Structure formats: structure tokens, C-alpha cells
Ligand SMILES: Cc1ncc(C[n+]2csc(CCOP(=O)(O)OP(=O)(O)O)c2C)c(N)n1
Ligand SMILES: [Mg+2]
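Protein chains in written order, with our numbering: chain A, 85 to 252; chain B, 119 to 702.
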């Protein structure tokens, strides 16, 4: 299975997310991750979706998505021409004997501690998928109590924006 | 001048009028009542009260398919809306331009499980081209106009507009024409010039081309252009179940229908072709059989208005996105110039195909149980009614025989549920067709099973003076399912007996039933009475007519490519495979 990061510019309409998610399940496409939020333009949202493609080519995914009336534009953002970031919150078990080792890992990965209690820390980390995965590996031996993450966010490098052409 | 202030309900009716809607099929209820009030006063719109909302949906489909116009149906919230679902799904599969308007509970009640609340927008998302929820009167005109535009342009399809009761009762300035704001909707109709050239040169080089024609050609109204293209190339034409009538059956280049129950020449032509000129067709599994073994030696030109159809099932060597009419027109221009330099020699190809046509004509064996041969009944209906009539079939054996044994000469004369295979389509679709084309003779050719799903619309027909003719091909069984049981389940007939034949308890007695509905009812059991009954039906126009043709249950649909097999394994009768020689 190959993974692709798609960025969708969509109209911010009720049910939009259901339409997108429903299309994926109905057509047998896999969603690896999904991140939704408003864009710089009022009324428009951006969806970053990581698609796992097997059998059906990516082209089918984008063509079917394009048929959704509220989808305005779709671009594939690959690792070379775009930045891609995951965002995670991780609650790690700590005590006096392990805390400094955990904090060292935090510094090494340029993560941040955002909550401290006597037996745990909440750590925030951003980075590409590989970095986040490596960080989790390092923390695992200490005991991860909870993990939440946003979907991948992605944006094309350079000064152009995907909204530019569309809104002329 | 200040804009008029209308209620949302009045705005619905006014918008529909301004969009040229003349007929609506529907049934009222609480959440849509505000709209039924101004609808009563409309001079431009005739509302036809159905007996079941599914009937309204199929009637709107039949109306659209027969006339080429938009079909409109309307229902109340909850069960009214869910009763439309089958018809909406049907329209989605067959690309029928359909507008479904539903009432919804008041916007403040949404999400509370209010009386007759159903999330119909959510329910129909996967089976509509688009859907809208309207909660404010001011949004009515623009939403209705956008819905109609989406349903009728690009690849046509069903659009649902769900309107809350308070949006119908509220007031707003009526602004017309409204601003339609659909930044994400831009159907491409004009083909790419380069692709047209590429297609033309493939055609010029091909030794065994076939025009594989689908329902898109009918929806695009591209039949004249197709005729020209076919004669330019001189290639054989196959018309899918959805495209019967797109190319005249009387034309010598027409090999008939391909697919599971296609003619041997049509199936074989696709299989042995070196170039499929695919026009508004979508490589449905009922056409391709096992797709891995489908037309393995052929290159593909694929023309479709929906880019997602291209490459979905079969790789296209030359993909062309565009409206079939525009594409074929441009292709004709390109080809006329190119073929002046030399016409491709299709002599060998035609020698092979002519041999098949001669050896494997469509036919059937007469049954020996003293009952009528269904194929003969249907052939006579077609011959006595002619190509100007409209034929709407149900789903099953009678549908396949109607596709095979009636000669279609014009588009929109053959209506059926192709993609969804919806039993119950026929009677309401015929009703809608008759409303849309009142001067045409309209037949519902139905099965005894299908007929029992939607025959209540005979009341609608009788009361509203919609004199359709219904031919029930009564084999006293769910015949198509029974055929599969005969062939693949050792003749174990699990739950396919319907007891409607004359040698059964006859429940129901279709003649009595039809009479109860105010129809002229005729039962035909003898071959010599077939023509008389059909002629009487054709002459009777003061009420609907129902003919109960008592046919053999053992008749089967042939040829057949069994599910899952490749088209190489087509059989033209039980255990009888055609011999192909002369071509590799
Ligand atoms: C709504 C629905 N239910 C079930 C089926 C499966 N099915 C396909 S054909 C058929 C038999 C139809 O019987 P009838 O109307 O008598 O037609 P016949 O095949 O006998 O001509 C059935 C049950 C279907 N297509 N649609
Ligand atoms: Mg039957």
C-alpha cells in the first residue's frame, strides 16, 4: 500500500466532512489520517488527508473527491515539495528516577513539556511522521499512558498558495 | 422596484415555475404541507398525487427518461422521504436528472428525534449527485435553482433538497434570478483537441473497431452524431441495456446488446475487437463479465462526461472527457478529413461478424407446457406498437426479453432500471413517461413479481387520466431468480413461486385487481388471442389497460454469460456455446 498526502480546498458547508469520509468508505479507499480546519479565506476550509492506496489508483480517489460539489480543489503534496507535520500529545509515566531521562528525550526531539504532576508528564511534539514515530519509540519503555494526535498537516513550499488560482 | 415578499413555500412553487417545471409527482404530509397550499393555486405546475412515494420517484424518472427533461418528485419528512430512497438510488445509477424535494421538521427540532424526523440528507448522501438542507426562506430560490442546475448538467443525476417546515413558513424577499454560487462545480463538456486527434488516428488504424455505446449517448441526445460516426467508420455498433435505441436496430451495423444476455455477435465483437470506441458507457460488470478476460486484445478510446468513469474499470488508451454530443461532433470532423486519405479496410472483420449474425441470431425455443412463449408476446407488442411507442420494463426475464425482442429505432423509447435493477420501476415509470409524452403509446412490460411492488399507481393512472398499457408477463414466479436456480442450484426452487398463474390459487387475480383499479383488464392464455388483446389495448384510451399474459415459467433468457465467467464463455442456449472461427 502506498501513502499519499492530499490537500483539499472545500466549501465550509454542513455535512461536508460526512460527504468526504463517506466517499472514502463507500469506494473502499483507506483514510490514514484526516485534519480539518478553516483556511485563510472565510467560508473555505482545508482538509489534509493521508490516503492509503491499494488496488484502486490514487487517480480514482481524486476524481471521485472532485465530484463532490463542495470540493473546490485537490492537490497532492509530496514530501519534496511540501512540508508535512504531525502534532501529538503524549502522557508519559514518570517518577523521580525516570524524569530526567524523559526530559532529555524531550530536549533531543525538540518537544515540550506542557503539564507536570508527580507521576506523569504531558509532552507536546510536532514533526514529520517519522520523527514522531521515533519519539514514541523512545518514550515507550517509560510507559505511555495516553496518546492523542492530529492528522498530518501539509502545505506546499514556496510563496504560492492553492487558493490563489481558484478564487480569481 | 422592491422585490415581492413570499413565504418559503410560495418561493418553492414560484422557483419551480420559473425554472419551467410543469409536472410534479408527490404525496403530502405534515412537514411539506405549507408547500402543498400554494401548489394548489399554481397554473403552471400540474401535481400528480401518487399512492406511494416510490411511485413518485420512479414516475419522475420515467418522465425524465422519456422526455429528456428534469423529473421532479416531492414528499414529506421521515417515511415520506425514505420511501423516495429506492427511486433516488435508481436515478443515481442510471444518471437520471431528478429533483427530489422533501419537507423536514422545523429547524429547531432537528436532532431531537422529532415526529417524522429522518436525516434524509445523510441517508441519501451516497446516492445523490448532491443534496441541500434549507433552513431559511431566503435560501429557497438559490437552492432550488442550484439543485436543478446540478441535476441537469454534466453527468445528470438526482439532487435532493430537504426544506424545514419553518423555512417554508418563513417570509423573505423573492430574488430572481438568484445568484448560484457553486465554485466547485464545473463540468467539462468540450473535449481536448489533442485527444480527438489521437482517437481519430487510432480509429483510422484499427482493423476490428467496435462502437461500444452506453446510456450517456442517450442522455446527451447524441444519437444523430453517433449515426454519422458509425457510418463514417463503417464499424459495428453494440448498444448496452441503457443505450437500446441510441442507434437504430434496423441499421445493418447494429449487432444488438452486449453483456450477460447480449447477442452472440455483440458479445463476440467486443471480445475480438482491437479497438473499443467507448461512448458514454462505463464497463459495467454485466457488460464485461470477468473484466480480466474482457476484450483482451483491444485498445480503448473512452468518452465520458464524468472523468471518474474513465480508467475506473478499464485502462483508457485515449481518455476523452466531454459531452458525448460535442465529442462525437468533433470526432466526426476530424475523421472526415482523415479518412479522405483512405478508409480502413474492415472487410475481414465484417466477414467474421456477418458469419456470427447468420449463425447465431436471437431466437428462442417454444415451450411445451401449453402456455404462451413470453418472447413471442413481447415481440408482438413491439411489432404492433412500433418504434414511436415507449416501453418501460420491470426487472427480470421480461426485462431482458423486452431489451432483446423489441426493435428500438429511437432514443428514449426504452426505459428500464439498468444499474440498480429495481423491481417495481415499470408501472410508475410508464406513468411518468405518459405524462411527459402524452401523445405516445406507452407500455409497461412488467413481471408478475415486479407488478406487485408498485401496481397501486394504477389508481393514480386511472384517476388522472393517464392511459398506460401494462403487459404482465405472468410466469407465476420470480422468473429470473428461478432461472438461476434452474441453472446453478440444481432446480431447487427456493421461494420463487408466486402463485399468480392460472393453474395456481391465483393470488392475486390480476384481472380482478386491475378491474378494481378502474382499468380495462384482459387475460390472454392462447396464442391466437395475443394480437387481439394488444390491439384492443392500443385502441383503448379512456382508461389504463392491463393484460395478464399467462406465459410458461420454463422459458429462459438466452444467450447468457454466467456471473463471474469471461465473455468467451457465452452460451446461446443451455450447454450450447457458439463456435468462433476465422479470427484470432
Ligand atoms: C427490489 C428488488 N428485489 C429483488 C430483486 C431480485 N430480483 C431480480 S429479478 C427478480 C424476479 C422478478 O420477477 P418478475 O417480476 O416476475 O419477473 P420475471 O423474471 O419473472 O420476468 C428478482 C426477485 C430485485 N431486482 N429488485
Ligand atoms: Mg415472473
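Every residue gets a Cβ at the ideal spot worked out from N, C-alpha and C, and that includes glycine. Fair warning: this is a prediction, and the values are worked out from it, not measured in the lab.
Next on the checklist: Which residues in chain B have a C-beta closer than 8 Å to the C-beta of residue 196 (chain A)? List them in chain order.
Outcome noted: Residue 196 (chain A) sits at position 112 when you count from the first residue of the first chain. Identification of chain B residues near residue 196 (chain A) by a Cβ-Cβ cut-off of 8 Å yields none; the smallest Cβ-Cβ distance measures about 39 Å.
Checklist entry - Cα separation between residue 580 (chain B) and residue 244 (chain B)? => result Taking the first residue of the second chain as position 1, residue 580 (chain B) is located at position 462. Taking the first residue of the second chain as position 1, residue 244 (chain B) is located at position 126. Going from the Cα of residue 580 (chain B) to the Cα of residue 244 (chain B) covers about 35 Å.
Next on the checklist: Are the CB atoms of residue 546 (chain B) and residue 199 (chain B) within a distance shorter than 8 Å?
Outcome noted: Counting from 1 along the second chain, the entry for residue 199 (chain B) is found at position 81. Counting from 1 along the second chain, the entry for residue 546 (chain B) is found at position 428. Contact: no.
Item to check | Residue from B:500, B:292, B:467, B:656 with nearest C-alpha to residue 557 (chain B) | outcome: Residue mapping note: residue 557 (chain B) aligns to position 439 of the second chain, counting from 1. Ranked by how close their Cα comes to the Cα of residue 557 (chain B), the residues B:500, B:292, B:467, B:656 have B:656 in first place.
Checklist entry - Around the Cβ of residue 158 (chain B), are there at least 16 other Cβ atoms within 10 angstroms (buried) or fewer (exposed)? => result Numbered from its first residue, the second chain carries residue 158 (chain B) at position 40. Note on residue 158 (chain B): under 16 other CB atoms within 10 angstroms of its CB, so exposed under the neighbour-count rule.
Checklist entry - Under 8 Å between C-beta atoms, does residue 251 (chain B) make it to chain A? => result Taking the second chain and counting its residues from 1, one reaches residue 251 (chain B) at position 133. At least one chain A Cβ lies under 8 Å of residue 251 (chain B).
Next on the checklist: Once the 5 residues before and after residue 226 (chain A) are set aside, which same chain residues still bring their CB inside 8 Å of it?
Outcome noted: Looking up residue 226 (chain A) in the first chain gives position 142. For residue 226 (chain A), the CB contacts under 8 Å within the same chain, skipping 5 residues up- and downstream, are 176, 177, 178, 182, 185, 186 in chain order.
Item to check | Distance between residue 358 (chain B) and residue 377 (chain B) (C-alpha atoms, nearest Å) | outcome: Stepping through the second chain from its first residue, residue 377 (chain B) is reached at position 259. Stepping through the second chain from its first residue, residue 358 (chain B) is reached at position 240. Taking the straight line joining both Cα atoms gives about 7 Å.
Checklist entry - What three-state label does DSSP hand residue 190 (chain B) in the structure shown? => result Taking the second chain and counting its residues from 1, the one referred to as residue 190 (chain B) is at position 72. In the structure shown, residue 190 (chain B) sits in a strand (DSSP, three-state: E or B).
Checklist entry - In terms of alpha-carbon separation, which member of B:693, B:494, B:360 lies closest to residue 591 (chain B)? => result Taking the first residue of the second chain as position 1, residue 591 (chain B) is located at position 473. Per the Cα distances, B:494.
Checklist entry - Between the C-alpha atoms of residue 242 (chain A) and residue 249 (chain A), what's the straight-line distance to the nearest angstrom? => result Counting from one through the first chain, the residue named residue 242 (chain A) turns up at place 158. Counting from one through the first chain, the residue named residue 249 (chain A) turns up at place 165. Straight-line Cα distance between these residues: approximately 15 Å.
Checklist entry - Count the other CB atoms within 10 Å of the CB of residue 406 (chain B); is the residue buried (16 or more) or exposed (fewer)? => result On the second chain, residue 406 (chain B) is found 288 positions in, with the first residue counted as 1. The Cβ neighbour count for residue 406 (chain B), taken over all protein chains shown within 10 Å, is at least 16; the residue is labelled buried.
Checklist entry - Under 7 Å from any heavy atom of ligand 1, does the C-beta of residue 619 (chain B) make it? => result To locate residue 619 (chain B), count along the second chain from 1; it is residue 501. No, Cβ of residue 619 (chain B) sits at least 7 Å from all heavy atoms of ligand 1.
Checklist entry - Rounded C-beta distance between residue 413 (chain B) and residue 394 (chain B)? I'm assuming under 8 Å. => result Counted from its first residue, the second chain places residue 413 (chain B) at position 295. Counted from its first residue, the second chain places residue 394 (chain B) at position 276. Yes, residue 413 (chain B) and residue 394 (chain B) are in contact; Cβ-Cβ is about 6 Å, under 8 Å.
Checklist entry - Given that residue 147 (chain A) touches chain B, what residues does it touch there, using C-beta distances under 7 Å? => result Within the first chain, numbered from 1, the residue matching residue 147 (chain A) stands at position 63. Those are 425, 426, listed as they occur along chain B.
Item to check | Under 8 Å by beta carbon: chain D residues contacting residue 95 (chain A) | outcome: Absent from the structure: chain D. Protein chains present are A and B.
Item to check | Beta-carbon proximity list for residue 205 (chain A), same chain, < 6 Å, skipping 5 on both sides | outcome: By 1-based counting over the first chain, the position of residue 205 (chain A) is 121. Excluding sequence neighbours, residue 205 (chain A) sits near 176, 178, 197.
Item to check | Per-residue contacts from residue 459 (chain B) into chain A (C-beta, under 8 Å) | outcome: Working through the second chain from its first residue, we reach residue 459 (chain B) at position 341. Neighbours of residue 459 (chain B) on chain A: none; closest Cβ ~35 Å, over 8 Å.
Item to check | Per DSSP, the bridge partner or partners of residue 547 (chain B) | outcome: Position 429 of the second chain, counting from 1, holds the residue named residue 547 (chain B). Per DSSP, residue 547 (chain B) has no beta bridge partner at all.
Checklist entry - Any beta-carbon of chain A closer than 8 Å to the one on residue 438 (chain B)? => result Mapped onto the second chain, residue 438 (chain B) falls at position 320. No - not a single Cβ of chain A is within 8 Å of the one on residue 438 (chain B).
Checklist entry - Short check: CB of residue 202 (chain B) to CB of residue 269 (chain B), under 8 Å? => result Here the question's residue 202 (chain B) lines up with position 84 in the second chain. Here the question's residue 269 (chain B) lines up with position 151 in the second chain. Result no, Cβ atoms of residue 202 (chain B) and residue 269 (chain B) do not sit closer than 8 Å.
Next on the checklist: With a threshold of 8 Å between beta carbons, is residue 429 (chain B) in contact with chain A?
Outcome noted: Reading the second chain from its first residue, position 311 is the one you call residue 429 (chain B). Chain A, which has a Cβ nearer than 8 Å to the Cβ of residue 429 (chain B), makes this yes.
Item to check | Other residues of its chain near residue 527 (chain B): CB distance less than 8 Å, five sequence neighbours each side excluded | outcome: Taking the first residue of the second chain as position 1, residue 527 (chain B) is located at position 409. Within the same chain, and ignoring the five residues on either side of residue 527 (chain B) in sequence, the residues whose Cβ sits closer than 8 Å to its Cβ are 363, 366, 367, 368, 505.
Item to check | Which listed residue (B:300, B:332, B:319) has its alpha carbon closest to that of residue 213 (chain B) | outcome: Numbered from 1 along the second chain, position 95 holds the residue referred to as residue 213 (chain B). For the residues B:300, B:332, B:319, the minimum Cα distance to residue 213 (chain B) belongs to B:332.
Checklist entry - At a CB-CB cut-off below 8 Å, which residues of chain B make contact with residue 106 (chain A)? => result In the first chain, residue 106 (chain A) corresponds to position 22, counting from 1. Going along chain B in sequence order, the residues near residue 106 (chain A) (Cβ under 8 Å) are 243, 244.
Checklist entry - To the nearest angstrom, how far is it from the Cα of residue 247 (chain A) to the Cα of residue 93 (chain A)? => result Walking along the first chain from the start, residue 247 (chain A) turns up at place 163. Walking along the first chain from the start, residue 93 (chain A) turns up at place 9. Roughly 7 Å separates the two Cα atoms.
Checklist entry - Terminal residues of the continuous alpha helix (DSSP H) containing residue 412 (chain B)? => result Here residue 412 (chain B) is taken as the residue at index 294 of the second chain, counted from 1. In the DSSP assignment, residue 412 (chain B) falls outside any alpha helix (DSSP H), carrying neither H nor E.
Next on the checklist: At a threshold of 7 Å, does residue 566 (chain B) count as lining ligand 2 (C-beta to nearest heavy atom)?
Outcome noted: Taking the first residue of the second chain as 1, we reach residue 566 (chain B) at position 448. Because some heavy atom of ligand 2 lies under 7 Å away, the Cβ of residue 566 (chain B) counts as near it: yes.
Item to check | Sub-8 Å separation of residue 246 (chain B) and residue 278 (chain B) beta-carbons | outcome: In the second chain, counting from the first residue as 1, residue 246 (chain B) sits at position 128. In the second chain, counting from the first residue as 1, residue 278 (chain B) sits at position 160. Closer than 8 Å, so yes.
Next on the checklist: Looking at the secondary structure, which residues open and close the beta strand (DSSP E) in which residue 472 (chain B) lies?
Outcome noted: Here residue 472 (chain B) is taken as the residue at index 354 of the second chain, counted from 1. For residue 472 (chain B), no beta strand (DSSP E) segment is defined; the enclosing uninterrupted segment is the alpha helix (DSSP H) at 465 to 477.
Checklist entry - Under three-state DSSP, which class holds residue 74 (chain A)? => result Chain A is shown only over 85 to 252; residue 74 (chain A) falls outside these bounds and no answer can be derived.
Checklist entry - With distances taken between CB atoms, is the gap from residue 589 (chain B) to residue 563 (chain B) smaller than 8 Å? => result Numbered from its first residue, the second chain carries residue 589 (chain B) at position 471. Numbered from its first residue, the second chain carries residue 563 (chain B) at position 445. Going by C-beta atoms, residue 589 (chain B) is nearer than 8 Å to residue 563 (chain B).
Checklist entry - Roughly how many angstroms lie between the CA atoms of residue 381 (chain B) and residue 468 (chain B), to the nearest whole one? => result Taking the first residue of the second chain as 1, we reach residue 381 (chain B) at position 263. Taking the first residue of the second chain as 1, we reach residue 468 (chain B) at position 350. So the alpha carbons of these two residues sit roughly 16 Å apart.
Checklist entry - Where does the unbroken beta strand (DSSP E) through residue 318 (chain B) begin, and where does it stop? => result Residue mapping note: residue 318 (chain B) aligns to position 200 of the second chain, counting from 1. Where residue 318 (chain B) is concerned, there is no enclosing beta strand (DSSP E), although the alpha helix (DSSP H) around it starts and stops at 311 to 323.
Next on the checklist: Beta-carbon within less than 6 Å of residue 439 (chain B)'s beta-carbon, same chain only, minus the 5 sequence neighbours each way: which residues are those?
Outcome noted: Taking the second chain and counting its residues from 1, one reaches residue 439 (chain B) at position 321. Here the set comprises 306, 425.
Next on the checklist: Please identify the residue among B:264, B:283, B:172, B:256 whose C-alpha is closest to the C-alpha of residue 232 (chain B).
Outcome noted: On the second chain, residue 232 (chain B) is found 114 positions in, with the first residue counted as 1. Looking only at B:264, B:283, B:172, B:256, the smallest Cα-Cα distance to residue 232 (chain B) is reached by B:283.
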